[in-house]
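Numbering (this note's numbering), first residue to last: 3 to 92.
Worksheet: one structure, shown below.
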């Protein structure tokens, strides 16, 4: 199942903000800004990306996983979900 319009719109808006943050980070590097300020910006970008991931995971759980667990191929979906949880917990 594809991402619905509401999630897509929210994700695109957040990614546009992140894109601006990345440009700002690049400018900070070019301008040789203080390391702590650069690291703070990196942390903000990382958290913003985690927020996008959270939106997509929630949508996946509400749609694909829910439908998959109600079908005949439950074991495949349990394994996919376990793999995803492991990957996101790193």
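Note that CB positions come from ideal geometry on N, CA and C, so glycine has one too.
Note that this is a predicted model, so its numbers are computed, not measured.
Scanning its chain for C-beta atoms nearer than 7 Å, with the 5 sequence neighbours on each side dropped, one finds no residue around residue 8. Rounded to the nearest whole angstrom, the CA to CA distance from residue 38 to residue 48 is 15 Å. Straight-line spacing of the CA atoms in residue 53 and residue 91 works out to 14 Å. Under the DSSP assignment, residue 19 falls in the alpha helix (DSSP H) whose first and last residues are 7-32.
Of the other Cβ atoms in all chains shown, fewer than 16 fall within 10 Å of the Cβ of residue 81; this residue is therefore exposed. Between residue 61 and residue 19, the C-beta gap is not smaller than 8 Å, which leaves the two residues out of contact. Judged by DSSP secondary structure, residue 77 falls within the alpha helix (DSSP H) whose first and last residues are 76-90.
Taking every protein chain shown into account, the CB of residue 72 has fewer than 16 other CB atoms within 10 angstroms, so this residue is exposed.
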